[in-house]
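In the numbering used here, the protein residues as written are 306 to 679.
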């Protein structure tokens, strides 16, 4: 039954051969008062020994554009509120614009993805989405509509603008104006005489305008509308929301709302709700909990439940031992969607943990040997 719904992705083919790519960028930054402007040129020469048809292919790619940013700020020291933990308020915002035109001598859909865009689990889902979501359109050259093809999403977001793009195959004709605003509201918190400046609210917003909408954004002028909101109510409580939306028919609309609470060196918890509409619909409740049982043990629990027809998605239980030099983790992962049970065993050098002090989940770890022999 599973093989009956399996459909290779359009870029999948058994190909091999040399791939040589060089990509360069030249920037000419200057300032116009407070406005920072960066005209730039980007070029690429590439060769593949095997394209999807088994032939060699060479490509020249060029991109010309300009980036600009304008910072602004204001301060009001008269804003004082004990309930909201405000001691003065500063508003800082940076407006960003990036406009570019790009042209390629070959279409990127002639190439297999030697560097895939998704991990294995996402690819496994995509191979079956033609049958499960688009009505069983199997044995068709392109069973998944192009507006839901991950290659076109990567192209529209401007991956080809990166000199060190993770997938060299993604580059094609495109003209887009990307604009956004990165905002921070800051205050002072802490004991009297030892106040520090912290973010109260952060709000980043962005969108893309496509002058050639029919060619680049499936007929819609505006797309890739996004935001990321964080409200740090206190040092231990953060409320968060983020979203992404496309405006064409059945385009992705995803929004997340949640809250994060932490207790330094003891634990943290997160509860959130994510809703997705588009080619698929999903309303998922997410929760995770990290707790330090003692000096040497940390417990991690995670759950996901879909209030749509999927129901229970999965659960994770993991225990980590904190050693002098290594973190040793053992756990169990139950994936109800795939009717699969997995076991976790990992050994991680302690100096590789994230952040300056080191962090596991939401639990801060002091540097190795900071408290003597452990």
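All C-beta atoms in this analysis are idealised placements derived from N, C-alpha and C, irrespective of residue type, glycine included.
For residue i, which residues in the same chain have their Cβ closer than 7 angstroms to its Cβ, ignoring the five residues on either side in sequence?
i: residue 492; result: 391, 392, 393, 394, 503, 505
i: residue 382; result: 393
To the nearest angstrom, how far is it from the Cα of residue i to the Cα of residue j?
i: residue 418; j: residue 639; result: 31 angstroms
i: residue 461; j: residue 399; result: 23 angstroms
i: residue 356; j: residue 454; result: 19 angstroms
i: residue 343; j: residue 555; result: 36 angstroms
i: residue 634; j: residue 429; result: 27 angstroms
i: residue 538; j: residue 552; result: 33 angstroms
i: residue 470; j: residue 318; result: 22 angstroms
i: residue 531; j: residue 375; result: 20 angstroms
i: residue 378; j: residue 339; result: 12 angstroms
i: residue 581; j: residue 548; result: 10 angstroms
i: residue 637; j: residue 599; result: 21 angstroms
i: residue 654; j: residue 632; result: 6 angstroms
i: residue 442; j: residue 436; result: Note that residue 442 scores a pLDDT of 48, beneath 50, so its modelled location is shaky; the value from the coordinates is reported in the next line. Each residue's alpha carbon lies about 6 angstroms from the other.
i: residue 590; j: residue 578; result: 5 angstroms
i: residue 542; j: residue 603; result: 21 angstroms
i: residue 560; j: residue 324; result: 39 angstroms
i: residue 333; j: residue 476; result: 23 angstroms
i: residue 518; j: residue 314; result: 25 angstroms
i: residue 426; j: residue 397; result: 40 angstroms
i: residue 523; j: residue 619; result: 35 angstroms
i: residue 483; j: residue 511; result: 7 angstroms
i: residue 533; j: residue 546; result: 6 angstroms
i: residue 444; j: residue 452; result: With a pLDDT of only 46 at residue 444, under 50, the local geometry of the prediction cannot be trusted, and the value read off the model is given with reservation. C-alpha separation (whole angstroms): 19 angstroms.
i: residue 529; j: residue 624; result: 39 angstroms
i: residue 459; j: residue 566; result: 34 angstroms
i: residue 495; j: residue 487; result: 25 angstroms
i: residue 708; j: residue 434; result: This structure gives no information on residue 708, because the portion of the chain shown stretches from 306 to 679.
i: residue 622; j: residue 521; result: 44 angstroms
Which whole-angstrom value is the C-beta distance of residue i and residue j, which I expect to be below 8 angstroms?
i: residue 563; j: residue 575; result: 6 angstroms
i: residue 366; j: residue 409; result: 5 angstroms
Ignore the nearest five residues each way along the sequence and tell me which others in residue i's own chain have a CB closer than 6 angstroms to its CB.
i: residue 481; result: 513, 515
i: residue 320; result: 355, 417
i: residue 592; result: 576, 608
i: residue 326; result: 351, 473
i: residue 363; result: 352
i: residue 387; result: none
i: residue 588; result: 580, 612, 613
i: residue 403; result: 372, 483
List the endpoints of the continuous alpha helix (DSSP H) containing residue i.
i: residue 455; result: 455-461
i: residue 520; result: 518-521
Since residue i is in the beta strand (DSSP E), which residue starts that stretch and which ends it?
i: residue 709; result: Missing from the structure shown is residue 709; the chain here goes from 306 to 679 and no further.
i: residue 491; result: 479-494
i: residue 360; result: No beta strand (DSSP E) contains residue 360, which DSSP labels as neither H nor E.
i: residue 510; result: 501-514
i: residue 625; result: 616-627
i: residue 654; result: 645-654
Report yes if the C-beta of residue i is less than 7 angstroms from at least one heavy atom of the ligand PLP; otherwise report no.
i: residue 413; result: The ligand PLP is not part of the structure shown, which contains no ligands of any sort.
Could you give the uninterrupted runs of the beta strand (DSSP E) lying entirely in the region 322-397, keeping only those of 3 residues or more? 324-332, 335-337, 340-353, 362-386
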